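Trainee: I have a structure here, written as structure tokens, and I will follow up with some questions on it.
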């Protein structure tokens, strides 16, 4: 007779218990359950591009997959040709020169690097300056490092830019890392060259590494090209920029991103990744390099499409009396909730009574209360339909 083995009790490590709730995973599950029940849900609450990857990039992947070289382990830090490709793109688009060997790290998507940098630089008790509202995965890396977050409120009255003068000296004395993100998720705000110059001077004065999240760098509106942090004189002395193919080329599922800039930080990111990964499948790297160095018409067309969607949506919002400021970039709109509602109560009401998914602003930080985030990730007809459904609730005007 076999002796029955009792299941052991698995105790999670403290760092796992400190992780924040995965906000977007819960939002996605909620929407999927509603769709499974047969409802016609318009999901504008996530940041998942709705268009396919341009076909020439897909074709390049298919051809590259036949190359037996790529069936072996790739170099730990990735192929140099991909590093050269992103360096070429930055020089052409922003006039920024990058050394492929020392100033470029290939990432499993930008999100990975945004989590890794905290583990590379922060010790327990150190401070990380984080935008509020901001992308919640910044919080994940800080939690894994055992460090402490100090939030930088982004107020509409200040163009959703942080006020460095409002930070406490005792926090600045312990701060080692700060995140900035423009075009901004969730507010859609953009930053100009003067802001980045102020940021470089601030970081140099206090010895803080800057992590610029430039995920939406290709998506700017009204004839204005988003500014890269790395265009600023002295930027590479104080920080790095995170760049991804997810939004620019509709390659979210391909998981190709980069950390670019300060050579000391790049070395540390490559080091930690040596212990986690063995880089991306080589065929994906070849297709990604083709995306970066090939014709860029699809990138410009994509930005123009989001601008058309933005303008269509805001005409529809105006018809129902929902007043808000248009975003200057990204594919997000940051909309104030009606009087008498919190961001969560309004998002829940819209979901339950209009079958439209919006992301409550408080999920991006305390300063996000009073807003919801809407993604321009459906065609113009569906955006108009979403606005009409919300308008029928009679909450505006």
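Residue numbers (the working numbering): 204 to 600. By construction, the Cβ of each residue, glycine as well, lies at the ideal position given by its N, Cα and C atoms. Bear in mind that the values here come from a model prediction, so they are computed numbers and not experimental data.
1. Roughly how many angstroms separate the alpha carbons of residue 344 and residue 413, rounded to a whole number?
2. List the whole-angstrom C-beta distance separating residue 357 from residue 390, where the pair is believed to meet the contact cut-off of C-beta under 8 Å.
3. Of all the options 421, 437, 423 and 385, which has the alpha carbon lying nearest to the alpha carbon of residue 408?
4. Can you tell me the Cβ-Cβ gap for residue 430 and residue 486, rounded? I've got them flagged as a contact below 8 Å.
5. To the nearest angstrom, report how far apart residue 243 and residue 558 are at their CA atoms.
6. Please go through the same chain and pick out, in chain order, the residues whose beta-carbon is closer than 7 Å to the beta-carbon of residue 223, but skip the five residues on each side of it.
7. Hey, would you say residue 529 sits closer than 9 Å to residue 539, going by beta carbons?
8. Is the region 229 to 248 close to the region 557 to 571, with three or more CB pairs under 8 Å?
9. Less than 9 Å between the beta carbons of residue 309 and residue 459, yes or no?
10. Between the region 307 to 327 and the region 447 to 467, can you find at least three pairs of beta-carbon atoms closer than 8 Å?
11. Between residue 524 and residue 234, what straight-line distance do the alpha-carbon atoms span, to the nearest angstrom?
12. In the DSSP output, what is residue 245 paired with across the bridge?
13. Buried or exposed, going by whether 16 or more other CB atoms sit within 10 Å of the CB of residue 416?
14. Could you pull out every unbroken alpha helix (DSSP H) segment of at least 4 residues lying fully inside the region 231 to 318, listed in chain order?
15. Can you find at least 3 beta carbon pairs, one from the region 290 to 305 and one from the region 267 to 274, that sit closer than 8 Å?
16. Measuring only the C-alpha atoms, how far is residue 306 from residue 279?
17. Which one of 550, 427, 473 and 206 has the shortest CA to CA distance from residue 304?
18. Once the 5 residues before and after residue 501 are set aside, which same chain residues still bring their CB inside 6 Å of it?
19. Could you pull the start and end residues of the beta strand (DSSP E) that residue 379 belongs to?
20. Could you say if the region 373 to 392 and the region 492 to 506 meet the contact criterion of at least three C-beta pairs nearer than 8 Å?
21. On the criterion of 16 or more Cβ atoms from any shown chain inside 10 Å, does residue 365 qualify as buried, or is it exposed?
22. Would you check whether the ligand MN has a heavy atom nearer than 8 Å to the C-beta of residue 210?
23. For a quick check, are the C-beta atoms of residue 334 and residue 348 less than 9 Å apart?
24. Are there 16 or more other CB atoms within 10 angstroms of the CB of residue 589, so buried, or fewer, so exposed?
25. Whose C-beta lies closer than 6 Å to the C-beta of residue 454 among residues of the same chain, with five residues either side of it excluded?
26. Would you say residue 546 and residue 564 are within 9 Å of each other, going by their C-beta atoms?
27. Can you look up residue 330 in the DSSP assignment and give me helix, strand or coil?
28. If you drop the 5 nearest sequence neighbours on each side, which residues of the same chain put their C-beta closer than 7 Å to that of residue 554?
29. Does the distance from the CB of residue 425 to the CB of residue 378 come in under 9 Å?
30. Between the Cα of residue 253 and the Cα atoms of 277, 300 and 580, which residue gives the shortest distance?
31. So, are the CB atoms of residue 490 and residue 260 less than 9 Å apart?
32. Measure the CB-CB distance between residue 337 and residue 568 and report whether it falls below 9 Å.
33. Over what stretch of residues does the alpha helix (DSSP H) that includes residue 342 continue unbroken?
34. For residue 356, write down the residues that DSSP places opposite it in a beta bridge.
35. Helix or strand or just coil, what does DSSP make of residue 468?
36. Give the secondary structure of residue 447 by DSSP, where H, G and I count as helix, E and B as strand, and everything else as coil.
Mentor: From the atom records:
1. Working through the chain shown from its first residue, we reach residue 344 at position 141. Working through the chain shown from its first residue, we reach residue 413 at position 210. Between residue 344 and residue 413, the C-alpha separation is close to 15 Å.
2. Counted from its first residue, the chain shown places residue 357 at position 154. Counted from its first residue, the chain shown places residue 390 at position 187. Right, the Cβ-Cβ distance comes to about 6 Å (below 8 Å), so this counts as a contact.
3. Here residue 408 is taken as the residue at index 205 of the chain shown, counted from 1. Of 421, 437, 423 and 385, the residue nearest in Cα terms is 437.
4. Here the question's residue 430 lines up with position 227 in the chain shown. Here the question's residue 486 lines up with position 283 in the chain shown. With 8 Å as the limit, residue 430 and residue 486 do not qualify as a contact, their Cβ atoms being about 33 Å apart.
5. On the chain shown, position 40 is the one that residue 243 refers to. On the chain shown, position 355 is the one that residue 558 refers to. In a straight line, the C-alpha of residue 243 is about 7 Å away from that of residue 558.
6. As a first step, residue 223 must be located in the chain shown, where it is residue number 20. Excluding positions up to five away in sequence, the list reads 339, 342, 343 and 346.
7. The count along the chain shown starts at 1 and reaches residue 529 at position 326. The count along the chain shown starts at 1 and reaches residue 539 at position 336. Not closer than 9 Å, so no.
8. yes
9. Taking the chain shown and counting its residues from 1, one reaches residue 309 at position 106. Taking the chain shown and counting its residues from 1, one reaches residue 459 at position 256. It is a contact, given that the beta carbons lie within the stated cut-off.
10. yes
11. As a first step, residue 524 is located in the chain shown; it is residue number 321 there, counting from the start. As a first step, residue 234 is located in the chain shown; it is residue number 31 there, counting from the start. Straight-line Cα distance between these residues: approximately 26 Å.
12. As a working mapping, residue 245 is identified with position 42 in the chain shown. 559.
13. Position 213 of the chain shown, counted from the start, is the residue given in the question as residue 416. Buried is the call here.
14. 258 to 267 and 283 to 297
15. no
16. Your numbering for residue 306 matches position 103 in the chain shown. Your numbering for residue 279 matches position 76 in the chain shown. Straight-line Cα distance between these residues: approximately 16 Å.
17. By 1-based counting over the chain shown, the position of residue 304 is 101. Minimum Cα distance to residue 304 is reached at 473.
18. Taking the first residue of the chain shown as 1, we reach residue 501 at position 298. Only 257 meet the Cβ criterion.
19. Here residue 379 refers to the residue found at position 176 of the chain shown. 378 to 384 is the extent of the beta strand (DSSP E) around residue 379.
20. no
21. What you label residue 365 is simply residue 162 of the chain shown in a count that begins at 1. That one is buried.
22. By its list of ligands, the structure shown contains no ligand whatsoever, and the ligand MN lies outside what it can speak to.
23. For the purposes of this step, residue 334 is identified with residue 131 of the chain shown, where counting begins at 1. For the purposes of this step, residue 348 is identified with residue 145 of the chain shown, where counting begins at 1. Not closer than 9 Å, so no.
24. Residue mapping note: residue 589 aligns to position 386 of the chain shown, counting from 1. When all chains shown are included, residue 589 counts as buried.
25. As a first step, residue 454 must be located in the chain shown, where it is residue number 251. The residues are 256 and 448.
26. On the chain shown, position 343 is the one that residue 546 refers to. On the chain shown, position 361 is the one that residue 564 refers to. Yes; because the gap between Cβ atoms is below 9 Å, this pair is in contact.
27. By 1-based counting over the chain shown, the position of residue 330 is 127. Residue state, collapsed to three classes: strand.
28. One-based indexing of the chain shown puts residue 554 at position 351. Excluding sequence neighbours, residue 554 sits near 560.
29. The sequence position of residue 425 within the chain shown is 222, counting from 1. The sequence position of residue 378 within the chain shown is 175, counting from 1. No, these two residues do not count as a Cβ contact at 9 Å.
30. For the purposes of this step, residue 253 is taken as the residue at position 50 of the chain shown. The shortest Cα separation from residue 253 among 277, 300 and 580 belongs to 580.
31. Reading the chain shown from its first residue, position 287 is the one you call residue 490. Reading the chain shown from its first residue, position 57 is the one you call residue 260. The answer is yes: Cβ separation under 9 Å.
32. Locating residue 337 in the chain shown gives position 134, where the first residue counts as 1. Locating residue 568 in the chain shown gives position 365, where the first residue counts as 1. Yes, they are a contact pair.
33. One-based indexing of the chain shown puts residue 342 at position 139. 340 to 348 is the extent of the alpha helix (DSSP H) around residue 342.
34. On the chain shown, position 153 is the one that residue 356 refers to. Paired residues: 335.
35. Along the chain shown, read from residue 1 onward, the residue named residue 468 stands at position 265. The answer is helix: DSSP assigns residue 468 an H, G or I state.
36. Here residue 447 corresponds to residue number 244 of the chain shown, with the count starting at 1. Looking at residue 447 - three-state DSSP - the assignment turns out to be strand.
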